[in-house]
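The structure appears below as structure tokens.
Residue numbers (our numbering), protein chains in the order written: chain A, 58 to 340; chain B, 63 to 420; chain C, 61 to 361.
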């Protein structure tokens, strides 16, 4: 039937759908997905016991504990201070606010190697901060504390930048309503504002955590990379690569990839949850 | 000579926006598509513009003056479309917005720069916005933006002008001004025009004919007088104004309400059965002493604020309440008080045969 | 919270404390905490880079930058960015157009896939290219003819410039797309539809209506993409091979100097990248300002 021919060609008002979607898929496939598939291809060259042995060997296990622990603590600290920074930037006026606001993104813009050597030097025995910590018996260079500091630096903008827009859009009438109902300022914050910020805080936490897990450049200089003690997982992978142990490197990479995928998924769910509260603003 | 659609069906997922709709608009006519939200009126307009395409190509047809444009894309259809939220290009001045349609023509058919300027100037004159030519859309009021959107659509000399809720986003006063202006404009330039609205007053005041849509179908089409005075269905009756319902019994050409018989020509030849009569609030006469067939009722509330006075009444027999509208003079003469008993005479009683509830 | 009335004045003046603000003490405390935290983690390191860079004087600073190894690192970094940024820009525009202007199944999956490179450790990003192109890599084992062809034409990928470019592209894939997708989704389709009804062709619609509307988002995405492309360390480190004067990018050169205990030299080169970061932040703030102004005029009218 002639009708079917017309029907088969779905008419769209705006052009370029096939071209742009086609290019998008081609580009992603060629540069991201196929190379990623190579990881799983390489893993199949290992037997299951080999694979299990590699991902559970003591240096790897120690690195997981360290990477997860330090990333978690850093993200948690950032949730607290990130919220304070976002609050101050949205609600208060003070001289130099615009510059401070712009500089919050520094960890995004500053190359990780630069951040890495700077933090390492700052916290070394002779550095500006390391020097004053030494008498207190606190050592940051070549310790897990140093790793935590580097990861805090890296994760800082994530919480500020996810909370800030939500805080800006918060309808002042909500707070006014709450205070007119007799809530004091702390109650307003705790019972009205904080619950509305929770999804954004969680999203920011997850983003900072995910970024910290894979971080390499800013950590390696301050960490000292002592096996079993201050070696993060990406460094373990790097080490296997340097010894041309591609199979082992890949096995550990698979563990990290799986964690990354799970985190990415939960971040997407969280972001959907964050926006759920905001749909009425969009309408 | 006309703009015509035939047998258009369009679904969005499981929702049927248009269900086999056909409509013919004569050359130079101004037709309103009136209906509640979700009735398919905007989809019909977008289909005529070529922004949506029917699900049943081959059967469905869109004809511009006899020419089949069903599968012609929007960019070649030469329909002028004014969007509900105007869709003005925010980075272009008023002038450039209006000139856009001329500037994007291929070299061969593009008018020379001088002519483009002259035509835009003429349109600016027409919409009375010449002093604002250099402004950007963000610097205009809602009513001004709407007029620019209209001028932009007219610049390409469209075969048909399509307006999606042209006054929907404006406040009441600007709305009234602008719709009078639109009517004048149409009388001046006589371009075949369809516009979508959910405001019955707007549709009745501005258009030559009104098509009433419901659930993706055209319920009735006719001149404003025809559809107001002779609504084809309870839906149309209800949609066009306030309604009072009186339950009673049909008795061949009459309606028996609370023991009183009122003339109801609709019911001629119908079997004796239970029915509901529709009466407009201004078709009820209130008296203290009944002279003809009348129904006793009690005054619940009287309100004389506004241009017309209104009474809320209760039937003494069934307790059903209803509203009456009356002029200020009549109201003052009658001076009704809450609680007192009066008689009401019903005029233009309508009874629809199929079951219907509001 | 009750308003405090002062009775000393003839006309009683009521000192209003707005119900949606905190007492001045709390306010000052919070500002101090925020600034102290930011000083420790942001301002101090930034100042430190520049003081260390100039620790041995301006002469030494210039000498470090004039070093041929530094020069070749700068050139390589530029080459990688000049190829990666435009490619990812084209990709970003295509992806945003397809996703924002059309409806199709699997859109959310595609969005997640675009984000993927952000959630993968840079070390793994480098690793995957080694697995594909390296010795005993996928290409070598599964497509030996292609591998031979590469060797015949003296085309090395891993431990050479192409590998560095590929790794750079990988880590910067999402930048432009992520800026443009929400922007174009928020702007909707009606302006483009209006252009089409007025007779504009696809290209005309894109260049005259879409591009002017997304230009700020595009600039924003491009500068962030460029900053990351020039500063990438982990991924590039894996595929580079660290051959001085040949496959060292600027960040790798910094590492090399640092490992040689030439700290002042390392910070001198690092100061270049820190400057780039500051410029990036400056442009970013400026673009945001432009954008906000545009939004403001739109909403007030």
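Cβ atoms here follow ideal geometry from the backbone N, Cα and C, with glycine treated the same way.
Reduced DSSP secondary structure (H/G/I, E/B, other) of residue i
{"i": "residue 125 of chain A", "result": "helix"}
{"i": "residue 78 of chain B", "result": "strand"}
{"i": "residue 202 of chain C", "result": "helix"}
{"i": "residue 286 of chain B", "result": "helix"}
{"i": "residue 189 of chain B", "result": "coil"}
{"i": "residue 336 of chain A", "result": "Low confidence applies to residue 336 of chain A: its pLDDT is 48, below 50, so where it sits in the model is not reliable, and the reading given next is rough at best. Correct three-state label for residue 336 of chain A: helix."}
{"i": "residue 142 of chain B", "result": "strand"}
{"i": "residue 374 of chain B", "result": "strand"}
{"i": "residue 438 of chain B", "result": "Residue coverage of chain B in this structure runs from 63 to 420, which leaves residue 438 of chain B outside it and unanswerable."}
{"i": "residue 118 of chain B", "result": "coil"}
{"i": "residue 299 of chain B", "result": "helix"}
{"i": "residue 151 of chain A", "result": "coil"}
{"i": "residue 66 of chain A", "result": "Caution applies to residue 66 of chain A, whose pLDDT of 44 falls short of 50 and renders its modelled position unreliable; the value that the coordinates give is listed next. Note: residue 66 of chain A maps to coil in three-state DSSP."}
{"i": "residue 73 of chain A", "result": "coil"}
{"i": "residue 306 of chain B", "result": "strand"}
{"i": "residue 99 of chain B", "result": "coil"}
{"i": "residue 196 of chain B", "result": "coil"}
{"i": "residue 148 of chain B", "result": "strand"}
{"i": "residue 390 of chain B", "result": "helix"}
{"i": "residue 249 of chain B", "result": "helix"}
{"i": "residue 132 of chain A", "result": "helix"}
{"i": "residue 330 of chain A", "result": "helix"}
{"i": "residue 114 of chain C", "result": "coil"}
{"i": "residue 317 of chain B", "result": "strand"}
Distance CB(residue i)-CB(residue j) smaller than 8 Å
{"i": "residue 359 of chain B", "j": "residue 406 of chain B", "result": "yes"}
{"i": "residue 65 of chain B", "j": "residue 126 of chain B", "result": "yes"}
{"i": "residue 160 of chain B", "j": "residue 210 of chain B", "result": "yes"}
{"i": "residue 190 of chain A", "j": "residue 197 of chain A", "result": "yes"}
{"i": "residue 332 of chain C", "j": "residue 163 of chain A", "result": "no"}
{"i": "residue 277 of chain B", "j": "residue 101 of chain B", "result": "yes"}
{"i": "residue 258 of chain C", "j": "residue 163 of chain B", "result": "yes"}
{"i": "residue 79 of chain B", "j": "residue 144 of chain B", "result": "no"}
{"i": "residue 385 of chain B", "j": "residue 327 of chain B", "result": "no"}
{"i": "residue 32 of chain A", "j": "residue 204 of chain A", "result": "A query on residue 32 of chain A cannot be resolved here, the shown segment of chain A reaching from 58 to 340 and no further."}
{"i": "residue 343 of chain A", "j": "residue 323 of chain C", "result": "It is not possible to answer for residue 343 of chain A, since the shown part of chain A is limited to 58 through 340."}
Any non-hydrogen atom of the ligand NAP closer than 7 Å to residue i Cβ
{"i": "residue 301 of chain C", "result": "Annotation note on the ligand NAP: not contained in the displayed structure, which lists no ligands."}
Rounded Cβ spacing between residue i and residue j (contact assumed at less than 8 Å)
{"i": "residue 225 of chain A", "j": "residue 316 of chain A", "result": "Contact flag wrong, Cβ pair sits at about 33 Å."}
{"i": "residue 382 of chain B", "j": "residue 295 of chain B", "result": "The Cβ separation is near 22 Å, so there is no contact."}
{"i": "residue 221 of chain C", "j": "residue 303 of chain C", "result": "At roughly 11 Å, the Cβ-Cβ gap does not stay under 8 Å, so residue 221 of chain C and residue 303 of chain C are not in contact."}
{"i": "residue 166 of chain A", "j": "residue 185 of chain C", "result": "Actually they do not touch by this definition, with Cβ atoms about 19 Å apart."}
{"i": "residue 190 of chain C", "j": "residue 85 of chain C", "result": "Wrong, their Cβ atoms sit about 57 Å apart, outside the cutoff."}
{"i": "residue 216 of chain A", "j": "residue 270 of chain A", "result": "So it is not a contact: roughly 16 Å between Cβ atoms."}
{"i": "residue 107 of chain B", "j": "residue 258 of chain B", "result": "5 Å"}
{"i": "residue 199 of chain B", "j": "residue 152 of chain B", "result": "5 Å"}
N- and C-terminal bounds of the beta strand (DSSP E) containing residue i
{"i": "residue 358 of chain B", "result": "357 to 365"}
{"i": "residue 223 of chain C", "result": "Segment 221 to 232 is the alpha helix (DSSP H) holding residue 223 of chain C; no beta strand (DSSP E) there."}
{"i": "residue 323 of chain B", "result": "322 to 325"}
Alpha helix (DSSP H) segment containing residue i, residue limits
{"i": "residue 210 of chain A", "result": "201 to 226"}
{"i": "residue 297 of chain C", "result": "294 to 300"}
{"i": "residue 264 of chain B", "result": "262 to 268"}
{"i": "residue 162 of chain C", "result": "No alpha helix (DSSP H) holds residue 162 of chain C; DSSP gives it neither H nor E."}
{"i": "residue 111 of chain A", "result": "105 to 113"}
{"i": "residue 339 of chain B", "result": "From DSSP, residue 339 of chain B is part of no alpha helix (DSSP H) but of the beta strand (DSSP E) over 335 to 341."}
{"i": "residue 208 of chain B", "result": "204 to 217"}
{"i": "residue 95 of chain C", "result": "84 to 98"}
{"i": "residue 299 of chain A", "result": "290 to 299"}
Residue-level contact to chain F via CB, residue i, 8 Å cutoff
{"i": "residue 153 of chain C", "result": "As a matter of chain content, chain F is missing from the structure shown, whose protein chains are A, B and C."}
Chain A contacts made by the region 132 to 157 of chain B, where a contact means CB separation under 8 Å: 133, 135, 136
Residues of the region 321 to 353 of chain C whose Cβ lies closer than 7 Å to any Cβ of chain B, in chain order: none
Interface positions of the region 302 to 331 of chain A facing chain C (Cβ-Cβ less than 7 Å), listed along the chain: 303, 306, 307, 310, 313, 314, 317, 320, 321, 325
Contact set between the region 246 to 257 of chain C and chain A, restricted to residues whose Cβ is under 7 Å from the partner: 249, 252, 253, 256
Residues, ordered as in the chain, of the region 157 to 179 of chain A that lie near chain C by beta-carbon distance below 9 Å: 157, 158, 159, 160, 161, 162, 163, 164, 165, 166, 167, 168, 169, 170, 171, 172, 173, 174, 175, 176, 177, 178, 179
Near-chain A residues of the region 100 to 113 of chain B - C-beta to any C-beta below 8 Å: Flagged, chain order: 112, 113.
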